[in-house]
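Peer 1: There's a structure below that I have some questions on.
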Amino acid sequence: MGQNNDGVLNFASTLWAAADRLRNNMEPSEYKHIVLGLIFLKYISDAFKFRQEELEYLIKDPKNEEYYCGSEEEAQLILEDKDEYMAANVFYVPPEARYEYIMANARRSDIGKLIDDAMDLIEKENPKQLRGVLPKVYTKAPLDPHTLGEIVNLIGSINFGKNEELDVLGRVYEYFLSEFARKEGKRGGEFFTPSSVVKLLVEMIQPLHGRVFDPCCGSGGMFVQSIRFVEAHAGKKGDISIYGQESNPTTYRLCKMNLAIRGIEADIRLGNSFTDDQFKDLRADYILANPPFNDSAWGADRLANDVRWKYGLPPDSNANYAWIQHFIYHLAPKGVAGFVLANGSMTTSNNAEYEIRKRIIEDNLVDCMVALPPQLFYTTGIPACLWFIRKGRETKETLFIDARKMGVMVDRTHRELTDEEIQKIAETYHNWRNKSGYEDLKGFCASVPMEVIAQNDYVLAPGRYVGVEDTQEDDIPFEEKMAELTEKLYQQMKEARRLDEIIKANLEELGYGE
Amino acid sequence: MGSEWKEVIFSEVIEINPNRELSKGQEYPFIDMQAVEPYTRKVSNIKFRKYNGSGSKFKNGDTLFARITPCLENGKTAYVKELKNGEKGFGSTEFLVFSGKEGVTDNLFVYYLSRSPEIREYAVKNMIGTSGRQRVDKSCFNELRIKLPPLPEQQKIASILSAFDDKIELNNEMNKTLEEIAQAIFKHWFIDFEFPNENGEPYKSSGGEFVDSELGPIPKGWKVVKLREILDNICDSVKPGKEIEGLPYVPIDIVERKSIALKQFKSWEEAKSSLIKFKKDDILLGAMRVYFHKVSIAPCEGVTRKTCFVLRPKKRFDLSYTLLLIFQDDTIKFADAHSKGTTMPYAVWDNGLAEMKIALPTEKIRQRFNELLYPIISKIRDCIFENLTLSQLRDTLLPKLISGEIRVM
């Protein structure tokens, strides 16, 4: 996997660099839709083409009773039969929306309009999944037709042949999403959670069967990773059903495209989760989320009597505890929620927040807390933490993990958790849950009874409980180290004697004997 | 006997910026200006960096010659020999790269030649450009006439000078080993509590008794004390001038980070204000920005400034113990936490570091430790003195050998 992965990334980064050069004076936020839209178009065209080739093969195979047909006319009917594509979970793409058609006309001055029309045609063919989702910005975009044509050709050059490799396009899409997030800085972070954080959340809560919900789902990264997890554990996409809500209309559309590319069926709805909860009756088995950090003016006044604030009304100045209660409200009786929040959420002493935290802890809902290293996010350098809330817990202890020292810098300002580190954290959690092979490790993890948390003023910061790492133990035992050092020293002493002799002989030769 | 020396043009017998092909976008060993120290042959720190098409390029056997002010005047000239076999590297654009010509000049001779006062003074005089950004251009070496000995004599000269630098480099490496040994023993005895018991066996592993203390369990007989009970902060003020004539001057900036061995000294004439004296075997601790971890043993009597603490053990036999104790990360962290000031924090002694609590071993053990460790610490100190002598000898001989004033063949 590693090799392949790197290959795709290398190739994607070259493609990104080329595409970025064509950006002219456009803002990345604007340009994003142009590029991602075309990748989408290329993707569904390729998927369509592969299915068509497959059908052609079946039609010509005399042993295949279902498809084999003698007449050319009949064959054409099958090749353009929309149901044959839908059955294979592939979008039907009308001839004038196919990427080869667009590419053949890439030099026309009305290329922008051709693409907009193509988007329109695809939406009309697949209204259920795609209505109102695809970007129709190509006519109005401040790009001259020549540049647009170059971008079309560039994305057309992504060619990876067979079905199973279609995920390459998915990965390119994901890579571009993350690069745009990086470029857009603060604003980009709204729709993108760094993949190492998503991976960690998924590895921790292991969504294998049931309903997965993200009420602030952004571009859908949590879902993509969840499906990957299911598939990596020999499950099927259908083992989990996916629900998401997103308040930003453009991000919502990105998400729909992202999921469509991967053939993930999901119920994604547009709206503000607080004021316009689209899934009032949903009780999810798994909630994965990365709500905006420390959002304010979320509408506390209008929602004062809402049923969701079981543990108290959160202050309008900070939405963190509104999100936490929104998640708890939507959890099934044995459900688990893993989510990212700013560090302040673990320790806030704001009266309302402190009370809510106290009650949530006393209700025995906090399963695990993980302190993350700084600089993981594109939006902000401030450190964040992971909360894991679980209903129907048997233990009255909470696991605290301090991962603040983990991660490697991937560029000057951004850090990532490595796969090994993600494994280490997730394994610690699972061992603790299964009561097998878990041990407190000073400076890293501690299992703490509720009373002790109460004594610590209900503070949930792992640093408070895991203690300070023992003074840096170098792994080499004393005896071994001394053996190594003394051997080195004796060699150096021998060399010193040799050099002394040489220097002495040289000086004698120059006439300065002892 | 030796054949005749010839007068030649520098650039005709030495390749300047020779062609060393590197591929753009690939990583290579990289040497920046900071990695080259004045009058030091060895490069102290080679990093890796992506080559983007600019910079000086070199391989083993090449000389790096700083061409910009003030690095040129300071004598930043290094000899590259740390690269792997056949590997190439690149560095600051402010290096000129010199290389011997096959059959004409010896690489090491080229290095020592470029360190000779004759070449340096010529280069300094020929710097061009606006003040502050003055540098020497390689073209000026087209007019430099030098006297060149035959190849075998070049090699002989180079080997004589080289032996001094080899020994200096070895001494520095040996000092590093000695320091690590001292650290390892300190940790084994006083942090892991494996000091030898009456029978010479490691205390803790042999079931030695522990008692509770405010610092956790400590071996029986040990006491919790504050640093000020075993160390004094000596503040022996002194005026510049006659009073300190002939003493070495050790301001904080020449104290090494994370090494108990001083590597250089300045002259008493450079010492100006806020001076304090230290004696042989005092402990110098850089108090300004204490987190730089500057802890050194004073090799002789000398002068520093008040930006350093001069710490003296109350009992002479505590020298090794207290020196290594001050050197511990935890001590430096404590001093840092008790520093005053924000942009330029200073560690404070009274009501600061002096109040740090430690578990003090029995007198007997501390004495035994000093008997074992003091020779190591003295050896480190002696190596440094030897390096001073070696470099003085080298620098005295170098111009005479390079100019042919002293003949070796």
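Protein sequences, first through last, are from chains B and E.
Going by this note's numbering, the residue at position 317 of the first sequence is 837; the numbering climbs one at a time, nothing skipped.
Going by this note's numbering, the residue at position 237 of the second sequence is 1011; the numbering climbs one at a time, nothing skipped.
Ideal Cβ placement from N, Cα and C applies to all residues, glycine included.
This one's a predicted model, so the numbers in the text were calculated from it and none came from an experiment.
1. Cα separation between Ala713(B) and Met623(B)?
2. Taking 8 angstroms as the cut-off, does the stretch 821 to 832 of chain E touch the stretch 885 to 896 of chain E (at least 3 CB pairs, one atom from each stretch)?
3. Pull up the CB-CB distance for Phe794(B) and Ala862(B), whole angstroms please, since I reckon it's below 8 angstroms.
4. Is the CB-CB distance between Thr879(E) and Ile788(E) below 8 angstroms?
5. Looking at the C-beta of Leu535(B), does it have a partner C-beta in chain E at a distance below 8 angstroms?
6. Taking 8 angstroms as the threshold (beta carbon to beta carbon), is His962(E) in contact with chain B?
7. Answer yes or no: does any C-beta atom of chain E fall closer than 8 angstroms to that of Ile788(B)?
8. Quick check: the Cα distance between Phe733(B) and Tyr763(B), rounded to an integer number of angstroms?
9. Excluding five sequence neighbours on each side, which residues of the same chain lie with their C-beta closer than 7 angstroms to the C-beta of Pro969(B)?
10. Counting only beta-carbon atoms, is Leu944(E) nearer than 8 angstroms to chain B?
11. Going by alpha carbons, who is nearest to Lys1013(E) out of Gly865(E), Leu952(E), Gly849(E) and Ile1050(E)?
12. How big is the Cα-Cα spacing for Thr951(E) and Ser1152(E)?
13. What does the alpha-carbon distance come out to for the pair Ile747(B) and Asp759(B)?
14. Are the stretch 818 to 838 of chain B and the stretch 772 to 791 of chain B in contact at 8 angstroms, needing three or more beta carbon pairs?
15. Considering only the alpha carbon of each residue, which of Arg889(E), Ile931(E) and Gly1060(E) lies closest to Leu1027(B)?
16. Measure how close the beta-carbons of Arg923(B) and Ile945(B) come, nearest whole angstrom, since I'm counting them as under 8 angstroms.
17. Is it right to say Ala1044(B) is buried, meaning 16 or more other beta carbons lie within 10 angstroms of its own, or is it exposed?
18. With 8 angstroms set as the bound, which would you pick, yes or no: does the beta-carbon of Phe938(E) sit closer than that to a beta-carbon of chain B?
19. Just list the beta strand (DSSP E) runs in the stretch 889 to 959 of chain B, keeping only unbroken ones of 3 residues or longer that don't cross its boundaries, in chain order.
20. Going along the stretch 1003 to 1016 of chain B in order, which residues come within less than 8 angstroms of chain E, judged by CB to CB distance?
21. Of all Cβ atoms in chain E, is any one closer than 8 angstroms to the Cβ of Lys925(B)?
22. Could you have a look at Asp939(E) and say whether DSSP puts it in helix, strand or coil?
23. So, at 6 angstroms on beta carbons, what are the nonlocal neighbours of Lys984(B) in its own chain, with the 5 sequence-adjacent residues on each side left out?
24. Can you check whether the CB of Leu980(B) is closer than 8 angstroms to the CB of Leu721(B)?
25. Is the beta carbon of Ala744(B) sitting closer than 8 angstroms to the one on Val860(B)?
26. Could you give the first and the last residue of the continuous alpha helix (DSSP H) run that contains Phe964(B)?
27. Alpha carbons only, please: which of Val886(B), Leu896(B) and Tyr605(B) is nearest the one belonging to Gly1041(B)?
28. Three or more C-beta pairs under 8 angstroms: does that hold for the stretch 802 to 812 of chain E against the stretch 852 to 872 of chain E?
29. Kindly indicate which three-state DSSP category Arg1086(E) falls into: helix, strand or coil?
30. Considering only their Cβ atoms, is the gap separating Cys775(B) from Gly730(B) smaller than 8 angstroms?
31. Indicate whether at least one CB of chain E lies closer than 8 angstroms to the CB of Phe998(B).
32. Relative to the C-alpha of Leu896(B), which residue among Lys719(B), Ile784(B) and Leu1030(B) is closest?
33. Within the 8 angstroms Cβ cut-off, does Ile579(B) reach chain E?
34. Less than 8 angstroms between CB atoms is the rule here; does Lys941(E) satisfy it with respect to chain B?
35. Which of the three DSSP states is assigned to Asn1007(E) in this structure?
36. Hey, does Lys962(B) have any beta-carbon neighbour from chain E nearer than 8 angstroms?
Peer 2: The structure says:
1. Per the sequence presented here, residue 713(B) reads as Thr, with Ala not at that position. About 33 angstroms.
2. No contact exists between the stretch 885 to 896 of chain E and the stretch 821 to 832 of chain E.
3. Approximately 18 angstroms separates the beta-carbon atoms of Phe794(B) and Ala862(B); this is outside 8 angstroms, ruling out the contact.
4. Cβ distance < 8 angstroms, so Thr879(E) and Ile788(E) count as in contact.
5. Using beta-carbon distances, Leu535(B) does not count as an interface residue toward chain E, since no partner is under 8 angstroms.
6. Yes, contact with chain B.
7. It does not: the Cβ of Ile788(B) has no partner Cβ on chain E nearer than 8 angstroms.
8. So the two alpha carbons sit approximately 5 angstroms from each other.
9. So the qualifying residues of the chain are Lys916 and Glu917.
10. At least one chain B Cβ lies under 8 angstroms of Leu944(E).
11. Taking only the C-alpha atoms, the option nearest Lys1013(E) is Ile1050(E).
12. Going from the Cα of Thr951(E) to the Cα of Ser1152(E) covers about 14 angstroms.
13. Annotation: Ile747(B) to Asp759(B) spans about 9 angstroms, alpha carbon to alpha carbon.
14. Contact fails: fewer than three Cβ-Cβ distances are below 8 angstroms.
15. Relative to Leu1027(B), the option among Arg889(E), Ile931(E) and Gly1060(E) whose CA is nearest is Ile931(E).
16. Just to set this straight, residue 923(B) is Ala in the shown sequence, not Arg. The distance from the Cβ of Ala923(B) to that of Ile945(B) is about 6 angstroms, consistent with a contact at the 8 angstroms cut-off.
17. For chain B, the structure presents residues 521 to 1034; residue 1044(B) sits outside this window and is missing.
18. At least one CB atom of chain B sits nearer than 8 angstroms to the CB of Phe938(E).
19. Counting only runs of 3 or more, we get 904 to 910 and 917 to 922.
20. For the stretch 1003 to 1016 of chain B, the set of positions with a beta-carbon nearer than 8 angstroms to some beta-carbon of chain E reads Leu1005, Thr1006, Lys1008, Leu1009, Gln1012, Met1013, Glu1015 and Ala1016 in chain order.
21. No, its Cβ sits nowhere closer than 8 angstroms to a Cβ of chain E.
22. DSSP, reduced to helix, strand and coil, places Asp939(E) within a helical segment of the structure shown.
23. The sequence given here places Arg at residue 984(B); Lys does not occur at that position. The beta carbon of Arg984(B) sits closer than 6 angstroms to the beta carbons of Asn976 from its chain, once the five residues preceding and following it are set aside; these are given in chain order.
24. Contact check for Leu721(B) against Leu980(B) fails: the beta carbons are separated by 8 angstroms or more.
25. A quick correction: the sequence has Val, not Ala, at residue 744(B). In this structure, Val860(B) does not lie closer than 8 angstroms to Val744(B) by Cβ.
26. Note, Phe964(B): premise wrong, no alpha helix (DSSP H); not H, not E.
27. In the structure as shown, chain B begins at 521 and stops at 1034. Residue 1041(B) is therefore absent and cannot be evaluated.
28. With a cut-off of 8 angstroms, the stretch 852 to 872 of chain E and the stretch 802 to 812 of chain E count as touching, because enough Cβ pairs lie within range.
29. Arg1086(E) falls in the strand class under three-state DSSP.
30. At a Cβ-Cβ threshold of 8 angstroms, Gly730(B) and Cys775(B) do not count as neighbours.
31. Yes - at least one Cβ of chain E is within 8 angstroms of the one on Phe998(B).
32. Cα-wise, what sits closest to Leu896(B) is Lys719(B).
33. Chain E contact via Cβ: absent.
34. Using a CB distance cut-off of 8 angstroms, Lys941(E) counts as an interface residue toward chain B.
35. In the structure shown, Asn1007(E) sits in a strand (DSSP, three-state: E or B).
36. Residue-level contact by beta carbon fails for Lys962(B) and chain E, as no gap is shorter than 8 angstroms.
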